[in-house]
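Working notes, structure below.
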Amino acid sequence: MTDDTIFDKIIRREIPSDILYEDDDVLAFSDVNPQAPVHFLVIPKQRIATLNDLQPEHAELVGKLVLTARQLAADKGLAEDGYRLVMNCNDHGGQTVFHIHLHVLGGRPMGWPPG
Ligand code: DGP
Numbered sequence: 015m016t017d018d019t020i021f022d023k024i025i026r027r028e029i030p031s032d033i034l035y036e037d038d039d040v041l042a043f044s045d046v047n048p049q050a051p052v053h054f055l056v057i058p059k060q061r062i063a064t065l066n067d068l069q070p071e072h073a074e075l076v077g078k079l080v081l082t083a084r085q086l087a088a089d090k091g092l093a094e095d096g097y098r099l100v101m102n103c104n105d106h107g108g109q110t111v112f113h114i115h116l117h118v119l120g121g122r123p124m125g126w127p128p129g
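Residues 15 to 129, numbered by this note's numbering, are exactly what the sequence shown covers, in order.
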């Protein structure tokens with residue numbers, strides 16, 4: 015399919031991934047290149063390339079990404095110590111997969127500011 019990314023292949027189970035949660039709208043799976051003891055991604059099943067492409071009608075979907083991240087972080091015992099949500103946009107943001115995704119990072123203290 016044109017404009018497919020690797021995440022569409024994960025959604026369609028064409029490549030394997032460690033899926034943590036799925037419903038009609040969102041999918042969560044472990045990051046293949048973890049940057050923290052816990053590192054997973056929450057993505058919409060609908061492909062939206064970057065944060066720049068978000069529209070007002072996506073507000074509920076974006077809220078669902080955050081609430082899914084919050085629930086899975088709690089399930090993994092991260093809530094009290096804390097964790098970080100990151101969504102990279104384009105080159106300066108460090109985005110490499112052009113299907114929006116929320117990184118959930120935890121299990122160690124995170125530095126600030128980011129590099
Ligand atoms: P970003 O740089 O924000 O676009 O992050 C993309 C993330 O996607 C990066 O942390 C690695 C992850 N990733 C890329 N390809 C795969 C894959 O095939 N499987 C999984 N599980 N994660 C992937």
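Where a beta carbon is used, it is the ideal one built from N, C-alpha and C, also for glycine. This one's a predicted model, so the numbers in the text were calculated from it and none came from an experiment.
Item	Value
Of the listed residues G125, L41, G121, nearest to V76 (C-alpha basis)	L41
Touch test, the segment 104-113 against the segment 73-88, Cβ-Cβ under 8 Å, three pairs minimum	no
Test item: CB-CB of D95 and G120 under 9 Å	yes
heavy atom of the ligand DGP below 8 Å from D32 C-beta	yes
Contact set for A83: own chain, Cβ-Cβ below 8 Å, skip 5 residues either direction	A42, V56, L99, L116, V118
Length of the line joining the Cα atoms of A63 and C103	9 Å
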